[in-house]
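Residue numbering for the sequence shown follows full-length UniProt numbering, beginning at 1 and increasing consecutively. We put the beta carbon where it would ideally sit given N, CA and C, even for glycine.
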Amino acid sequence: DIGDIVRGRDLYSGNNKEKKQRKKLDENLKDIFGDIYKELTSSRNGKNVKTLQARYNDESGNYYQLREDWWALNRDQVWKAITCDADTGNAYFRPTCNSGDKKGPSQANHYCRCGNDQPGNDKANVDPPTYFDYVPQYLR
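Shown next as structure tokens:
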């Protein structure tokens, strides 16, 4: 759902208090991505300016394409930040790792990622799945 919020696709409307907070968050995201757009399309980026303007210009000020591209590039870092900073007793994340004890999947709570993958000792394809943004929100 974080990806949906960042990309401006969140379907959850919630109660009135939640709606106000969501609207404020969305306005902040518009400002943030507006600043990113201005930086990307500044003259410092040389000959890519016209290409970037054509790709990311959004008259509505929502910058949906820029949000999509930003999320595609940063989703793994957001996932790592969420999972590595979670308290060890936090059970928000469902079991995804093979514990090796033939009891089925377990949570990656000792090293924040599956397979004892630790920062600086990255192993291929052992991070928890981040496939939820490919499933439509109403089906999650």
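CA-CA distance, residue i and residue j?
i: K30; j: G61; result: 7 Å
i: K50; j: R67; result: 18 Å
i: I2; j: D58; result: 22 Å
i: Q53; j: E18; result: 34 Å
i: R22; j: D4; result: 12 Å
i: K24; j: W79; result: 23 Å
i: G14; j: D26; result: 14 Å
i: Y12; j: K20; result: 12 Å
i: T41; j: R75; result: 23 Å
i: N16; j: I32; result: 24 Å
i: E39; j: L73; result: 17 Å
Thinking C-alpha only, which one of the options is nearest residue i?
i: W70; options: L11, G34 and N15; result: G34
i: Y37; options: K20, E27, R55 and D26; result: R55
For residue i, collect the residues of the same chain with a Cβ closer than 6 Å to its Cβ; drop the 5 residues on either side in sequence, then sort them by chain order.
i: Q77; result: none
i: R7; result: R67, E68 and W71
i: N28; result: none
Beta-carbon within less than 7 Å of residue i's beta-carbon, same chain only, minus the 5 sequence neighbours each way: which residues are those?
i: A81; result: none
i: S43; result: V49
Quick one: what's got a C-beta closer than 8 Å to residue i's C-beta in the same chain, skipping five residues either side?
i: Y64; result: R7, G8 and D58
i: N45; result: L52
i: D10; result: D1, D4, R22 and Q137
Say whether chain D places a C-beta atom closer than 9 Å to the C-beta of residue i.
i: G14; result: Judged by its chain identifiers, the structure shown contains no chain D, having just a single protein chain.
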